[in-house]
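In my numbering, the protein residues as written are -4 to 273.
In structure tokens:
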């Protein structure tokens, strides 16, 4: 949208043929999931918002018009934080808000160091992080926090793709795109890796903005030499890096509720706000 020739609002949208790839809408809206939909941004982004001045009424009207032009059956927003200005605004315009998932984060402001974060987890999570760290060290695992230029992005991308493939989503990390995409991000991206006697067994690709450290992508090799898991190592390592940078929030992404609740992350409900385009 423009005011006097100046752009005041921007909203990336995606036209999806099969608007419910994760199966989270069909139980909440009268649809099969195979319909075409015009939706906000991308499905696995947990941070739906409208950059600039919201102008929601005009934005949603433009979305409805574009959806009709493109033959979409539905239009609207997914992954809208419950209680946010965007969510409240959409509800006031007649959009229903249906809970689909939770995102998780850590408020880093109470912690002086990573030990404080570990101590804040519930007893099982706290014990697991400490025990897992000792076992990893005994097995010869070593961690490193690396700027992007020092990381082997091809190796990390392959590990992330193999890990995602276990859940049927290996195509999220196409090898021909992954390294180039991160390289373009430059200093906005950071890598935390775990190697067991030189072999990469865990990697977290993190993104940073002015106040937040985002745990964006993760790869784990569970065929390790000791009785530990690389995955529980990556969260405290990510928290430590965020604290060293003076950031106030770690964003832990969507899903994996049991692990994240146990290990000190706080859930934020995410809603889908959709209307028929016809």
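Glycine is no exception: its CB is placed at the ideal position from the N, C-alpha and C atoms.
(message) Given this structure, state the Cα-to-Cα distance separating residue 32 from residue 94, to the nearest angstrom.
(response) 18 Å
Taking 8 Å as the threshold (C-beta atoms), are residue 21 and residue 278 in contact? Missing from the structure shown is residue 278; the chain here goes from -4 to 273 and no further.
- prompt: Are the beta-carbon atoms belonging to residue 37 and residue 266 less than 8 Å from one another?
  reply: Taking 8 Å as the Cβ cut-off, residue 37 and residue 266 do not qualify as a contacting pair.
* Asked: What are the boundary residues of the alpha helix (DSSP H) that includes residue 126?
  -> 118 to 133
Since residue 138 is in the alpha helix (DSSP H), which residue starts that stretch and which ends it? First-last for residue 138: 136 to 142, but that is the beta strand (DSSP E), not the alpha helix (DSSP H).
Legend entry - Cβ-based burial, residue 208 [other Cβ within 10 Å; buried from 16]: buried
### Query
Helix, strand or coil for residue 240 per DSSP?
coil
Quiz item: For the candidate residues 3, 258 and 201, whose alpha-carbon lies nearest to that of residue 118?
Solution: 258
Contact defined as beta carbons within less than 8 Å: I believe residue 272 pairs with residue 69. What is the distance between those atoms, to the nearest angstrom? Residue 272 to residue 69, Cβ: 6 Å. Contact.
Check your understanding: Who does residue 261 pair with in a DSSP beta bridge?
Key -> 100
Reference residue 218, options 232, 147 and 136, closest by Cα
136
_If you reduce the DSSP assignment to three classes, tell me which class residue 59 lands in._
helix
Taking all protein chains shown into account, decide if residue 241 is buried (16 or more other Cβ within 10 angstroms of its Cβ) or exposed.
-> exposed
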